[in-house]
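J.:
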Amino acid sequence: MEAALNELVEYVDGMRSSVAEETGFDPIEHILARIKSDESMRDKCRRKGLPETAESALNELYDALGVRIVCAFLSDVYAVRDHIAVCPHFSVIEERDYIMHAKPNGYRSYHMILRSDEGYYAEVQVRTISMDTWAALEHHLQYKKPHVGNQRLIVQELKRCADELASTDVSMQTIRDMILNEEE
6 MEAALNELVE
16 YVDGMRSSVA
26 EETGFDPIEH
36 ILARIKSDES
46 MRDKCRRKGL
56 PETAESALNE
66 LYDALGVRIV
76 CAFLSDVYAV
86 RDHIAVCPHF
96 SVIEERDYIM
106 HAKPNGYRSY
116 HMILRSDEGY
126 YAEVQVRTIS
136 MDTWAALEHH
146 LQYKKPHVGN
156 QRLIVQELKR
166 CADELASTDV
176 SMQTIRDMIL
186 NEEE
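Numbering-wise (this note's numbering), the sequence shown opens with residue 6 and increments by one.
(1) If you reduce the DSSP assignment to three classes, tell me which class T133 lands in.
(2) Enumerated in chain order, which unbroken segments of the beta strand (DSSP E) with a length of 3 residues or greater are wholly contained in the stretch 79-131?
(3) Given this structure, state the Cα-to-Cα distance separating V160 from H145, to the nearest angstrom.
(4) Taking L10 as the reference, which of Y83, H88, R39 and S45 has the closest Cα?
(5) Once you ignore the five residues that flank D87 on each side, which residues in its own chain have a CB closer than 6 angstroms to its CB?
(6) Between R120 and H35, what straight-line distance do the alpha-carbon atoms span, to the nearest angstrom?
(7) For D137, tell me which candidate among M183, A171, Y67 and V91 has the shortest Cα-Cα distance.
(8) If we ignore side chains and look at the alpha-carbon of each, how far apart do S45 and A127 end up?
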């Protein structure tokens, strides 16, 4: 599993370097990668009603390997997605565009499920800095106190904040495009 994760991260790092060399812009702010712990895999199997075995964890769950790629701009998210889609030794199994189709609470990110030639699944999340910030703060608010009253109002406020950040992402992309067009 570690070799598969390293291969995926090295591919992304190589793509990052070649795009930065070609364009003068690094499309990625940072990358986080992890292998889900045994206990976390057991917990997830239990929650999904699956046997708590290595076979279930590796064949039924799609996030044993996880990679989060954070980009500055929306266009970079989709450019990185396009590069990952052709990553050697990995096949795209599923994609979900939570940027174009945000979750009801406002969550946005581009998700890809990949399968390595060795049969390991990896969940790749590609998002902007704003999306990453919102997700981190939402995690602290929601997962630390899941049974708080006024749940409907909280979800509305989370959505409002996510929408404001999404608007900022669009504005920042527009400014970047104006600067790039001026340079051309």
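All C-beta atoms, glycine included, are put in the ideal place defined by N, C-alpha and C.
T.: Looking at the atomic coordinates:
(1) In the sequence shown, counting from the first residue as 1, residue 133 sits at position 128. DSSP places T133 in strand when its eight states are reduced to three.
(2) 95-102 and 115-121
(3) Along the sequence shown, one-based indexing puts residue 160 at 155. Along the sequence shown, one-based indexing puts residue 145 at 140. Going by the C-alpha atoms only, they are around 14 angstroms apart.
(4) Reading the sequence shown from its first residue, position 5 is the one you call residue 10. The option with the nearest alpha carbon to L10 is R39.
(5) Along the sequence shown, read from residue 1 onward, the residue named residue 87 stands at position 82. Here the set comprises nothing.
(6) The sequence position of residue 120 within the sequence shown is 115, counting from 1. The sequence position of residue 35 within the sequence shown is 30, counting from 1. Near 22 angstroms, if we compare the C-alpha coordinates of H35 and R120.
(7) Counted from its first residue, the sequence shown places residue 137 at position 132. Per the Cα distances, A171.
(8) Locating residue 45 in the sequence shown gives position 40, counting from the first residue. Locating residue 127 in the sequence shown gives position 122, counting from the first residue. Cα to Cα, the separation comes out at about 15 angstroms.
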